[in-house]
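**Student:** In the numbering used here, the protein residues as written are 193 to 332.
From the three backbone atoms N, C-alpha and C, an ideal C-beta is built for every residue, glycine too.
Have a look at the structure that comes next, please.
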């Protein structure tokens with residue numbers, strides 16, 4: 193059942209039961225996501241970290257795919273010399289991103305938290321890199 197975390201009257205309970213039934217029919221994906229979100233928020237720290245890891249990993253995968261798309265587009269616009277420079281810069285940037293993520297999360301409470309935070313930091317830096325490459329696409 194759709195749950196808000198407070199007592200409700202019988203009338204309100206009937207309303208929320210009806211709302212839950214409608215959501216099961218018309219938007220089961222929303223309802224499933226809602227329950228999963230609630231599960232992650234009310235779970236133990238380990239469960240919360242696992243949920244965060246899944247979310248940040250998905251975010252990172254999407255960012256990596258977008259970065260690859262933008263990189264290939266920019267690479268195709270360059271001459272041979274420009275392609276070589278871009279390829280080298282991108283390889284060095286990836287190395288920097290990975291090392292910087294480790295640096296930024298150093299000293300967190302445990303390895304699981306560090307791992308989850310590293311994924312989040314990498315995703316954030318990847319989004320910023322996408323903006324840089326997109327800006328470069330527009331100027332040249």
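How is the alpha helix (DSSP H) around residue 300 delimited, first residue to last?
**Tutor:** Residue 300 -> no alpha helix (DSSP H), and no H or E assigned at all.
**Student:** Residues in the same chain with beta-carbon distance under 7 Å from residue 283, minus the five sequence neighbours each way, listed in chain order, please.
**Tutor:** none
**Student:** Within 10 angstroms of its Cβ, does residue 255 collect 16 or more other Cβ (buried), or is it exposed?
**Tutor:** buried
**Student:** To the nearest angstrom, report how far apart residue 245 and residue 275 are at their CA atoms.
**Tutor:** Those two C-alpha atoms are separated by around 34 Å.
**Student:** Output needed for residue 253: all residues of its chain with C-beta closer than 8 Å, excluding positions within five of it in sequence on either side, in chain order.
**Tutor:** Leaving aside the five residues that flank residue 253 on each side, none in its chain has a CB nearer than 8 Å to its CB.
**Student:** Rounded C-beta distance between residue 326 and residue 262? I'm assuming under 8 Å.
**Tutor:** 6 Å
**Student:** Could you check if residue 195 is buried or exposed, using at least 16 other CB atoms within 10 Å of its CB as the buried criterion?
**Tutor:** Note on residue 195: pLDDT 46, under 50, position unreliable in the model; no value is reported.
**Student:** Please report the straight-line C-alpha distance between residue 277 and residue 270, rounded to a whole angstrom.
**Tutor:** 10 Å
**Student:** Over the uninterrupted alpha helix (DSSP H) stretch that includes residue 245, give me the two end residues.
**Tutor:** 237 to 269
**Student:** From residue 242 to residue 313, what distance separates their C-alpha atoms?
**Tutor:** 16 Å
**Student:** Measuring CA to CA, which of 285, 311 and 301 is closest to residue 294?
**Tutor:** 311
**Student:** By a C-beta neighbour count over all protein chains shown, 10 Å radius and 16 as the cutoff for buried, is residue 315 buried or exposed?
**Tutor:** buried
**Student:** Go through its chain and collect everything with a Cβ distance to residue 308's Cβ below 8 Å, but skip five positions before and after it.
**Tutor:** 241, 244, 245 and 248
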